[in-house]
Amino acid sequence: MLVNLNDVLLPARKNGYGVGLFNTVNLELARGVLKAAEELKSPVIIGTAEILLPCGPLEDLAGLLVPMAKKASVPVVVHYDHGLTFEKCMEALKLGFTSIMYDCSTDSYEENVRKVRELVRIAHCFGATVEAELGHVGDNEEQTAHNGADVPESYYTDPAQAKEFAEKTQADVLAIAVGTAHGAYKFKPKLDFDRIKRIAEMVHVPLVLHGGSGLSEEDFRRAIACGISKVNIFTDINEAAGKAAEHAIREGKTCLTDMILCQVEAVTEAVKAKIRIFGSELRH
1 MLVNLNDVLL PARKNGYGVG LFNTVNLELA RGVLKAAEEL KSPVIIGTAE ILLPCGPLED
61 LAGLLVPMAK KASVPVVVHY DHGLTFEKCM EALKLGFTSI MYDCSTDSYE ENVRKVRELV
121 RIAHCFGATV EAELGHVGDN EEQTAHNGAD VPESYYTDPA QAKEFAEKTQ ADVLAIAVGT
181 AHGAYKFKPK LDFDRIKRIA EMVHVPLVLH GGSGLSEEDF RRAIACGISK VNIFTDINEA
241 AGKAAEHAIR EGKTCLTDMI LCQVEAVTEA VKAKIRIFGS ELRH
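For the sequence shown, position 244 (counting from the first letter as 1) is numbered 244 according to the UniProt record's numbering, and the numbering increases by one without interruption.
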């Protein structure tokens, strides 16, 4: 069933579990994610990010993901992740995405507030939810530039400012910067769990952990216990699908059709593992 973020994250926040966002740029990834969610009776969030559009155009993915979500036996949010431009966010809304992340985290605080507040007003007219980001979750190239250290604390989310930001923007969900990074980790991340807890105590909306791929089970469970309700995953399932294709080639299978089922199954198992860690199994 097609739902928005409030439908899956407000219960998660109330009951202390997490829901995964698994970005899906093709049919194999989408099938694997939804198969895992249905088998484990878990709500799930699928979608794509603006940076991934060269791998799967927005209009094509909307035509794929929205009908699949509607047919699913569990709640499915179709989410546009890391929307960088207002125009693409609007396109996603018009194509039927039920949730938008408008990432203005590299803008000034004032611009972030203004731009997010405007999109919230529009998205709510579509019945869609909006995720914003305060602080900046960088990538692992940034970590390398800082000699393997975490993203500097100047990029981390300030709890008091997060409270003000949520109230001013009326965003439904807030992504926070607490020590993770996007992509495969070159160095072990160090999450600021006390910061997560302080923000969760001060902010009334569900919180999001970006850069989830590569974290330990303990990291996930502790972050969720401290107040995270949504965890973003892409690298793990992307690599699972790639390794499945590589294994098929080593086995002498050279046709794309020989690899599809292997990829779907690999993604399914990778997503199941995360669902169990996040605690969303049997929540529907």
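C-beta atoms are modelled at their ideal positions from N, C-alpha and C, and glycine is treated no differently.
Please read all numbers here as calculations on a predicted model, not as lab measurements.
DSSP three-state assignment for residue i, whether helix, strand or coil
i: T129; result: strand
i: D81; result: strand
i: residue 317; result: In this structure the chain extends from 1 to 284, so residue 317 is not present and cannot be described.
i: T48; result: strand
i: K41; result: coil
i: A177; result: coil
i: residue 303; result: This structure leaves residue 303 out entirely; the chain is present only between 1 and 284.
i: L29; result: helix
i: L95; result: coil
i: L9; result: helix
i: S280; result: coil
i: L134; result: strand
i: V271; result: helix
i: V120; result: helix
i: M1; result: coil
i: K14; result: helix
i: C89; result: helix
i: G148; result: Annotation note: pLDDT 43 at G148 (below 50); position unreliable, no value reported.
i: P54; result: coil
i: D194; result: helix
i: Y155; result: helix
i: A171; result: coil
i: A160; result: helix
i: Q143; result: Its pLDDT being 47, under 50, Q143 is placed unreliably in this model, and the value from its coordinates should be taken loosely. Correct three-state label for Q143: helix.
Cut-off 8 Å between Cβ atoms - residues of its own chain near residue i, not counting five sequence neighbours on either side
i: E265; result: G32 and A244
i: K168; result: V113 and R117
i: I100; result: H79, Y80, G83, C89, A92, L93, L119, A123, A128, T129, V130 and E131
Contact set for residue i: own chain, Cβ-Cβ below 6 Å, skip 5 residues either direction
i: R195; result: V178
i: D236; result: S213 and A270
i: C226; result: F193, I196 and K197
i: G20; result: V231, I233, K274 and F278
i: L215; result: none
i: M1; result: P75
i: K70; result: L2
Same chain only: Cβ atoms within 7 Å of residue i, ignoring 5 sequence neighbours per side
i: V173; result: L5, L9, T129, E131, V205, P206, V208 and K230
i: K163; result: M202 and V203
i: R221; result: I277
i: S73; result: E38
i: A171; result: V116, V120, V130, E131, A132 and V205
Integer-rounded CB distance, given that residue j should sit under 8 Å from residue i
i: E87; j: S105; result: That belief does not hold up - the Cβ atoms of E87 and S105 are roughly 18 Å apart, past 8 Å.
i: V76; j: L119; result: The Cβ separation is near 22 Å, so there is no contact.
i: A49; j: N23; result: 6 Å
i: D158; j: L191; result: 16 Å between Cβ atoms; not a contact.
i: G135; j: Y155; result: 6 Å
i: E281; j: L40; result: 5 Å
Bridge partner(s) assigned by DSSP for residue i
i: N23; result: G47
i: V66; result: DSSP lists no partner for V66.
i: V76; result: L2 and V44
**Asked** Along the chain, which unbroken stretches of the alpha helix (DSSP H) at least 4 residues long are found entirely within the stretch 196-263?
**Response** The stretch 196-263 contains, as complete alpha helix (DSSP H) runs of 4+ residues, the segments 217-226 and 235-250 (chain order).
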